[in-house]
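In the numbering used here, the protein residues as written are 30 to 319.
Okay, so here's the structure we're looking at.
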């Protein structure tokens with residue numbers, strides 16, 4: 030488990046890494062994933078600010094495109110004090126609603142990775158503007174794209190720093206978080222089951238893995254750090270599975286963390302045999318961090 034970070038006031042912070050954007054927020058805040066490239070930060074169920082980002086090939090900040098994203102007319106205002114280091118890393122402009130005197134957000138552009146970012150502030154009484162600006166100072170859009178950290182778990186995708194893995198879909202159901210990635214012929218599924226004791230009262234851990242892998246007859250064995258499940262089908266089985274639009278080969282891991290009341294699952298699927306070391310790299314980095 031990672032040691033918690035603290036700010037100058039001694040408040041405990043936690044890291045967020047989601048689809049190329051990283052920042053640190055207060056421990057009690059929640060992140061709501063609205064889209065692959067859209068996050069809302071909440072404090073006590075009240076929205077504090079929203080981040081939206083996109084790839085931009087222009088050399089300068091496309092203000093017109095940013096304005097279209099916020100959905101109202103804006104007027105640019107001087108950058109608030111305290112954002113000097115952020116302005117060194119980004120082309121950034123502050124804005125307000127045309128008919129309001131209050132700061133409403135920022136448009137930013139990172140020339141290093143050509144990312145455009147829209148930051149919208151919500152009217153609230155729970156967090157000061159200074160606190161929000163401190164959080165925005167931690168924002169980074171060109172760190173290690175392999176690292177993901179959301180809710181209470183963290184993992185790293187295998188490969189080079191500029192990861193070629195693509196987030197295909199995600200689901201944050203009440204008891205099951207499911208992230209799905211692709212890289213060429215490979216499919217990767219990261220699952221986190223909450224309230225694990227209740228789930229295990231209904232199913233064995235090997236049955237849970239079989240259901241999540243969607244594969245009957247999954248071979249399983251106890252391994253280092255949990256249960257291993259795999260499927261290496263015959264030629265006939267491969268043809269059958271492909272006709273069902275399923276990738277025949279599977280390499281997976283599952284483990285129960287009773288002290289956290291969580292079950293973690295990692296599953297790779299492919300049309301071709303999968304290197305065991307590949308799933309093991311992900312598995313070694315996958316853990317509960319809160």
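Each residue gets a CB set at the ideal place from its N, CA and C atoms; glycine is no exception.
Source: prediction; values computed, not measured.
Thinking just about the alpha-carbon of each residue, which of the options is nearest to the one in residue i?
| i | options | result |
| --- | --- | --- |
| residue 224 | 127, 103, 293, 68 | 293 |
| residue 75 | 137, 317, 57, 64 | 57 |
| residue 287 | 222, 85, 161 | 222 |
| residue 176 | 299, 44, 226 | 44 |
| residue 263 | 111, 252, 276, 170 | 276 |
| residue 254 | 204, 135, 311 | 311 |
| residue 193 | 174, 205, 209 | 174 |
| residue 189 | 205, 203, 172, 231 | 172 |
| residue 267 | 299, 289, 280, 290 | 299 |
| residue 290 | 98, 228, 314, 232 | 228 |
| residue 140 | 271, 243, 85 | 85 |
| residue 160 | 265, 42, 186, 296 | 42 |
| residue 101 | 111, 113, 134, 168 | 134 |
| residue 199 | 319, 304, 61 | 61 |
| residue 305 | 203, 319, 269, 187 | 187 |
| residue 117 | 168, 308, 63 | 168 |
| residue 103 | 109, 130, 119, 113 | 130 |
| residue 63 | 201, 231, 314 | 201 |
Does the beta carbon of residue i sit closer than 8 Å to a beta carbon anywhere in chain D?
| i | result |
| --- | --- |
| residue 287 | Among the chains of the structure shown, chain D does not appear; only one protein chain is present. |
What three-state label does DSSP hand residue i in the structure shown?
| i | result |
| --- | --- |
| residue 169 | strand |
| residue 212 | strand |
| residue 225 | helix |
| residue 259 | strand |
| residue 82 | strand |
| residue 67 | strand |
| residue 271 | helix |
| residue 161 | helix |
| residue 307 | helix |
| residue 281 | strand |
| residue 288 | coil |
| residue 327 | What the structure shows of the chain is the stretch from 30 to 319, and residue 327 is not part of that stretch, so it cannot be assessed. |
| residue 312 | helix |
| residue 202 | coil |
| residue 113 | helix |
| residue 327 | No information on residue 327 is available, as it lies outside the stretch 30 to 319 that the chain covers here. |
| residue 97 | helix |
| residue 266 | helix |
| residue 142 | coil |
| residue 240 | helix |
| residue 47 | strand |
| residue 122 | strand |
Excluding sequence positions up to five away, which residues of its chain have a Cβ less than 8 Å from the Cβ of residue i?
| i | result |
| --- | --- |
| residue 301 | 214, 278 |
| residue 316 | 30, 182, 183, 184, 293 |
| residue 256 | 234, 235, 238, 249, 250, 282, 283, 284 |
| residue 106 | 123, 124, 125, 132 |
| residue 313 | 254 |
Pop quiz: residue i and residue j are said to be a contact at Cβ under 8 Å. What is the actual Cβ separation, rounded to whole angstroms?
| i | j | result |
| --- | --- | --- |
| residue 248 | residue 259 | 5 Å |
| residue 14 | residue 78 | Any question about residue 14 goes unanswered here, given that the chain covers just 30 to 319. |
| residue 170 | residue 82 | 7 Å |
| residue 226 | residue 211 | At roughly 33 Å, the Cβ-Cβ gap does not stay under 8 Å, so residue 226 and residue 211 are not in contact. |
| residue 111 | residue 162 | 5 Å |
| residue 180 | residue 136 | The pair is not a contact, with the Cβ atoms about 29 Å apart (cut-off 8 Å). |
| residue 178 | residue 318 | 7 Å |
Once the 5 residues before and after residue i are set aside, which same chain residues still bring their CB inside 7 Å of it?
| i | result |
| --- | --- |
| residue 327 | Not covered by the structure: residue 327. The range shown for the chain is 30 to 319. |
| residue 220 | 205, 206, 207, 241, 294 |
| residue 322 | Residue 322 falls outside the range modelled here, since the chain spans only 30 to 319, and no answer is possible. |
| residue 66 | 48, 81, 82, 83 |
Under 6 Å Cβ to Cβ from residue i, same chain only, skipping five residues before and after it: list those, please.
| i | result |
| --- | --- |
| residue 32 | With a pLDDT of only 49 at residue 32, under the threshold of 50, the placement of this residue in the model should not be trusted, and no figure is reported. |
| residue 218 | 209, 296 |
| residue 146 | 82, 137 |
| residue 108 | 123 |
| residue 144 | 82, 170 |
Cβ contact check for the segment 113–128 and the segment 51–71: 3 or more pairs under 8 Å: no
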